[in-house]
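Chemist: If you scroll down you'll find the structure; I have some questions about it.
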Amino acid sequence: MVTHELLNNISHKDLRILTERSLDLGDNIPSILAFPNEFRQLQADFPICFCKDPDTGTFHCAAILGFEDEENLFFSNGSWQPQYVPLMLQKGPFLIGESSPNNSDNDSKPMIYIDMDHPRVNSSDGEQVFLEHGGNTDFLEKIRSVLDAIYQGRKYSETFIELVLENELIEDFALEINLSDGSRNSLRGFYTIAEKKLNALSYKVIEKLMVSGYLQAIYMMIASFENFKKLIYLKDEGVAT
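Under the numbering used here, the residues of the sequence shown are numbered 1015 to 1255, in order.
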């Protein structure tokens, strides 16, 4: 059972967080939520796709890390290889939520929560969250910056996906993977940019996408598909060894 608690320097004064990248600490995932404000960093290593929630039908962006459940191909001999770590991995056990509006302030404010059941959470090893007398550590300030980027990223994602849907720029795709040992895998259930429709857009629409900054995000998604070659190579390398 997941236990989310509002972070505070009284209940969590002794809290420590394991920060090393590890498959045993929650990094063993084949895909992760991604945001347009990190596409520039992500597209250097990871394929970026759209995913569709089967229950709500809503789309979100994701970076692909593997092809199977609990598979992350960007680890080699137990070590994380890419220079960039996706925001949703950087945040570790921390989450961002909104407080309920009170009488003096009609706007809800983002608040930091923590998943107390996360394998990175403990009271003996890793980075301290709070200083001895209750102040924030540099580590917590860094986490705050990461969560702020995620908070902004969610807003960017909503607008970005609205624009691509409005212009019918999302299409599904299937990837067939043939490995050197003769085995076959397939990647389905993901979506990408419909390039033919993108190329047929009017100048007015292109200008709107350009001014908003989302045209760049679109082309970064398209360019990131080259990273499937890298991902297949890493998968094949693991099969061969």
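Backbone N, C-alpha and C define an ideal beta-carbon position, used for all residues, glycine too.
Note that this is a predicted model, so its numbers are computed, not measured.
Run the CB neighbour count on Q1057, radius 10 Å, all protein chains shown included, and call it buried at 16 or more, exposed below.
Modeler: Working through the sequence shown from its first residue, we reach residue 1057 at position 43. Classification for Q1057: buried.
Chemist: Provide the residue(s) that pair with R1168 in DSSP beta bridges, ordered along the chain.
Modeler: On the sequence shown, residue 1168 is found 154 positions in, with the first residue counted as 1. According to DSSP, R1168 bridges with nothing at all.
Chemist: Return the chain-ordered list of same chain residues with a C-beta closer than 6 Å to the C-beta of I1175, the five sequence neighbours on each side being excluded.
Modeler: Sequence index remark: in the sequence shown, residue 1175 carries index 161 (1-based). The residues are F1073.
Chemist: Let me check one thing: in DSSP terms, what residues is F1204 bridge-paired to?
Modeler: As a working mapping, residue 1204 is identified with position 190 in the sequence shown. Checking the DSSP bridge columns, you'll see F1204 partnered with C1065 and F1187.
Chemist: Contact between the segment 1134-1153 and the segment 1161-1178: three or more CB pairs below 8 Å?
Modeler: No, because fewer than three Cβ pairs between the segment 1134-1153 and the segment 1161-1178 fall closer than 8 Å, the two stretches do not touch.
Chemist: May I have a chain-ordered list of the alpha helix (DSSP H) segments no shorter than 4 residues that lie completely inside the segment 1019-1073?
Modeler: 1053-1056
Chemist: Looking at the secondary structure, which residues open and close the alpha helix (DSSP H) in which M1235 lies?
Modeler: As a first step, residue 1235 must be located in the sequence shown, where it is residue number 221. Y1228 to S1238 is the span of the alpha helix (DSSP H), which, as asked, contains M1235.
Chemist: On a CA-only basis, which of L1189, T1070, G1111 and T1033 is nearest G1203? Give me that one, please.
Modeler: By 1-based counting over the sequence shown, the position of residue 1203 is 189. With distances taken between Cα atoms, G1203 lies closest to L1189.
Chemist: From L1039, V1178 and I1128, pick the residue whose C-alpha is nearest to that of K1211; which is it?
Modeler: Taking the sequence shown and counting its residues from 1, one reaches residue 1211 at position 197. That would be V1178, whose Cα lies nearest to the Cα of K1211.
Chemist: Given E1251, which residues of its chain have a CB within under 8 Å of its CB, disregarding the five upstream and five downstream residues?
Modeler: Counted from its first residue, the sequence shown places residue 1251 at position 237. Answer for E1251: no residue qualifies.
Chemist: Return the CA-CA distance between K1123 and N1192, expressed in angstroms with no decimal places.
Modeler: As a position in the sequence shown, residue 1123 is number 109, starting the count at 1. As a position in the sequence shown, residue 1192 is number 178, starting the count at 1. If I take the Cα positions, the gap works out to 49 Å.
Chemist: What three-state label does DSSP hand L1215 in the structure shown?
Modeler: As a position in the sequence shown, residue 1215 is number 201, starting the count at 1. Residue state, collapsed to three classes: coil.
Chemist: I'd like to know whether the C-beta atoms of L1028 and R1035 end up nearer to each other than 9 Å.
Modeler: The residue labelled residue 1028 in the question sits at position 14 within the sequence shown. The residue labelled residue 1035 in the question sits at position 21 within the sequence shown. In the sequence on display, residue 1028 carries Asp and not Leu. Cβ distance not < 9 Å, so D1028 and R1035 don't count as in contact.
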